[in-house]
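Chemist:
In our numbering, the protein residues as written are 897 to 1015.
(1) Mapping DSSP to helix, strand and coil, what is residue 1003?
(2) Counting along the chain, where does the beta strand (DSSP E) carrying residue 909 start and finish?
(3) Would you say residue 972 and residue 945 are within 8 Å of each other, going by their C-beta atoms?
(4) Looking at residue 988: is its Cβ nearer than 8 Å to the Cβ of residue 1014?
(5) Select from 938, 1011, 995, 920 the residue whose C-alpha is nearest the C-alpha of residue 975.
(6) From the DSSP output, in three-state form, read off residue 987 for me.
(7) If you draw a straight line from the alpha carbon of residue 943 to that of residue 936, how long is it in whole angstroms?
(8) Verify whether the separation of the beta carbon atoms of residue 982 and residue 905 is less than 8 Å.
(9) Identify the residues that DSSP records as bridge partners of residue 955: which are they?
(10) What does the Cβ neighbour count give for residue 914, buried or exposed, with the cut at 16 atoms within 10 Å?
Here it is, written out as structure tokens:
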């Protein structure tokens, strides 16, 4: 079972990433782009994910992943129940979401520095 603390340090350590609180909710940004956000009660992690792949992700594991609200369907966004994720999987989702908002050279540098992934 993953909790916010499993990814808080990672989100702060990723290059160009920084945490913010918006109306009490923890979010991670690169510049002004939010790539990970947590629900107010910290039970749901919302993260950047390719629109064209999210239906398959949600259909494959509906107890773990949820479609975003109707107003957020236009964005590259998916929700995950933190209790259904293990800590390693949660960290991998954060890094994958971060990859969507940083230049490829930054992402490649992370891969070279962390060949085994975020673990």
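Note that CB positions come from ideal geometry on N, CA and C, so glycine has one too.
Modeler: In this structure, then:
(1) helix
(2) Careful: residue 909 lies outside any beta strand (DSSP E), inside the alpha helix (DSSP H) at 901-909.
(3) yes
(4) yes
(5) 938
(6) helix
(7) 15 Å
(8) no
(9) In DSSP, residue 955 forms no bridge with anything.
(10) exposed
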